[in-house]
Amino acid sequence: MKKFGKALLALLVLLLLAAALFLYWPLTQRSVPAASNDKPVDVVLVGAGIMSITLATYLQELQPDWNIQVYERLDGVAGESSDGWNNAGTGHSAFAELNYTPELPDGSIETKRAVGIAESFEVSRQFWSHQVKEGRLSQPSDFINPTPHMSFVWGDDNIAYLHKRQQALVKNPLFYGMQYSEDPKQIQQWAPLLMEGRDPKQKVAATWMPLGTDVNFGVITRQLTTGLQRSPNFSLHLNHEVSALRQNADKSWNVTVKDLKSGTETTTHTRFVFIGAGGAALKLLQMSGIPESKDYAGFPVGGQFLAFQGQDVTSRHGVKAYGMAETGSPPMSVPHLDARKLDGKPVVLFGPFALYSTKFLKHGSWWDLYSSVTHNNVGPMLEVGKDNLDLVQYLMGQARLNDADRQAELVKYFPNAKPGDWKLVTAGQRVQIIKRDPLKGPVLQFGTEIVTDKDHTIAALLGASPGASTSPPIMLDLMAKAFPEQMKAGWETRLREIVPSYGRKLNDSAALVNEIRTLTSQTLHLPYLEVPVAADAAASAPATAPAPVKPPAKEKRNANEELQAL
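Right under this line is the structure:
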């Protein structure tokens, strides 16, 4: 018996040592090659997706003499979440996404988040419009196309909610033109596939916004990259993976990269680093060792869609139709039937279906999640996991789905769909943020977050939604945090030429909405609606005036939950 006890104790000690080794690994820094450049380059961007390339485009316009280096582990740009097949391609303006407009306890509709999302997308339109004029982006129809956005619901409570939502939103100039209907014939005219074959006794309602768009972020990324390469101060290094980040005494950085073809490592000396590597950004931020990196962990979630490419389907669906998450399901489960243009051809996608994976990238490693766990974040991860058992159960349920289950979900939105008409496609990976909140403690945070060090020498973008569609305003925020001196010294003036509304809120002025949308609609070949200037009065009123309510007995420690996305 004593021998057994000793053996058990020895095993326990070994397990504790293994756990400590795992959580504190690596124990020492390995040696890396010395920097090959004595004079530091100005900026190193890690990852060649929509975020890094958008930032590089801004910087090249604002500071054309800066030397910018981009390192990408794949053999081409936009190969992960930016690729057209790896996301829904929605130009997120909150026209259709019901999770952006929650119903408050007093029955009113909260519109602040929706207005903010709409404002952000107008900035994106201005940025892309400017790039078209400058010749960095070509024919607009290659990357952005008019695609009305719809919300579609059934059931008395959901119908009442949708009507209140439309009434609340149209008071804002940015949402002028949104139509509401409970007439099956009108809804069928907007979206035939939603109504054909549906039980005529089922009560339905929909909103329809003609100003919606479908965006191919992969095309934008590739075309902007081509524009950047015209400058001798820009270099793109494909098949190069960052293997070490070391800060020097003067606060500059040494970035060590591995050539994945030859296996050799080289080091670049730089004044500033941006980590825009999508799901891999967390691990690279941890690699930097800055104190701010210790506050974060990640939770990966993938997505799958049902893809229709037959002309009998694609020719009869020209909208993005968003539904409502099932009762008890997380916001990330919101289903939508999307008209897309991919590889120059029309496509219809339905989904998303969650796909659990420990990978942080679609082309990543199954070890990604485990290697991101450290002694700094293991506690917060366990706390957040305990607080989000419903999300865990949802993901487990999604993992058990078969084709018959997916077909059953599909016919709720496309009643006449046939199983043989679609194929299952896997989209990109998303990594939701787990962070330490100063008030709530560890939280699962949805949306995107910019992390910078106190010296403004390194920045990383973590998170997912709304992501690519608001990459230009996100990069504006990043520059304000990372380059405050340059912003004050002249960048802000130049930015007003790139983004004419910079520093102003469109929703505060119908006249300004008309001015900006006229400009971008003409350049991007998008539809335009003149907003009555009288709408200013409504916009100046508070979006909601909720009555005070008592907090729930147990508050879930999640931040920006309405921004959940696959």
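Residue numbers (this note's numbering): 983 to 1548.
Just so you know, even glycine gets a beta-carbon here, dropped at the ideal spot from N, CA and C.
Taking DSSP as the reference, what is the three-state secondary structure of F986?
helix
Close-in-space but distant-in-sequence residues of the same chain around L1383 (CB under 7 Å, 5 per side omitted)
F1335
Thinking just about the alpha-carbon of each residue, which of D1325, V1255, L1494, V1059 is nearest to the one in F1465?
V1255
Measure the CB-CB distance between I1415 and Y1278 and report whether it falls below 9 Å.
yes
Can you round the beta-carbon distance between M1132 and K1302 to whole angstroms, since I take them to be within the 8 Å contact cut?
7 Å
Are there 16 or more other CB atoms within 10 angstroms of the CB of T1500, so buried, or fewer, so exposed?
exposed
Please state whether the Cβ-Cβ distance between G1300 and H1318 is less than 9 Å.
no
H1222: buried (16+ other C-beta within 10 angstroms of its C-beta) or exposed?
buried
Can you say whether G923 is buried or exposed, counting buried as having 16 or more other CB atoms within 10 angstroms of its CB?
With the chain running from 983 to 1548 in the structure shown, residue 923 is simply not present.
Residues near E1085 in its chain [Cβ-Cβ closer than 7 Å; skip 5 each side]:
I1091, Y1143
Could you tell me whether the region 1069-1081 touches the region 1354-1372, using the rule of 3 or more Cβ pairs below 8 Å?
no
Cβ-Cβ distance between Q1389 and G1284 below 9 Å:
no
CA-CA distance, K1487 and L1494?
When rounded, the distance between both Cα atoms is 9 Å.
Tell me which same chain residues have a C-beta within less than 7 Å of the C-beta of D1241, skipping the five on either side of it?
N1221, H1222
Pick out whichever of V1513, P1454, N1496, G1159 has its Cα sitting closest to the Cα of S1102.
P1454
Out of G1031, N1019, G1179, V1237, which has the shortest C-alpha to C-alpha gap to V1597?
What the structure shows of the chain is the stretch from 983 to 1548, and residue 1597 is not part of that stretch, so it cannot be assessed.
Pick from F1428, T1250, A1231, Q1108: whose alpha carbon is nearest that of V1237?
T1250
Going by C-alpha distance, which of L996, M1033, W1404, L1041 is nearest G1472?
L1041
For L1242, does the three-state DSSP call read helix, strand or coil?
It is coil, neither helix nor strand.
In the structure shown, what three-state DSSP assignment does T1340 receive?
Coil, per DSSP.
For D1372, does the count of other Cβ atoms within 10 angstroms reach 16, so buried, or fall short, so exposed?
Result: exposed.
Strand pairing of M1132, partner residues [DSSP]
W1190, A1303
Presumed contact (8 Å Cβ cut-off) between T1072 and S1451, rounded CB distance
7 Å
Classify A1529: buried if its beta carbon has 16 or more other beta carbons within 10 angstroms, exposed otherwise.
With a pLDDT of 37 at A1529, under the threshold of 50, the modelled position of that residue is not reliable, and no figure is offered here.
Is A1525 helix, strand or coil when you go by DSSP?
Residue placement at A1525 is poorly supported in this model, since its pLDDT is 39, which falls under 50; the coordinates still yield a value, given next. Coil, per DSSP.
Please name the residue, chosen from T1430, N1215, A1289, M1160, that lies closest to A1553 on a Cα-to-Cα basis.
Residue 1553 lies beyond the residue range present for the chain, which begins at 983 and ends at 1548; the question has no answer from this structure.
Indicate the three-state DSSP secondary structure (helix, strand or coil) for V1355 in the structure shown.
Correct three-state label for V1355: coil.
For the beta strand (DSSP E) that contains Q1427, what are its first and last residues?
1423-1427
Would you report the Cα separation of L1443 and P1166, rounded to the nearest angstrom?
44 Å
Per-residue DSSP class, three states only, for P1046
coil
Should S1483 and Q1108 be called a contact, given that it needs their Cβ atoms to be closer than 9 Å?
yes
Scan the region 1196-1276 and note each continuous beta strand (DSSP E) run of 3 residues or more that stays entirely inside, going in chain order.
1216-1219, 1222-1229, 1235-1241, 1247-1252, 1255-1257
Cβ distance (whole Å) where V980 is taken to contact D1419 below 8 Å
The structure shown does not extend to residue 980, since the chain spans only 983 to 1548, so no value can be given for it.
Could you please give the first and the last residue of the uninterrupted alpha helix (DSSP H) stretch that includes E1497?
1492-1506
Three or more C-beta pairs below 8 Å linking the region 1006-1025 and the region 1187-1204
No, they do not touch.
Shortest alpha-carbon distance to R1291 belongs to which of S1275, D1320, F1281, A1307?
Position check: residue 1291 holds Gln in this sequence, whereas Arg was assumed. The shortest Cα separation from Q1291 among S1275, D1320, F1281, A1307 belongs to D1320.
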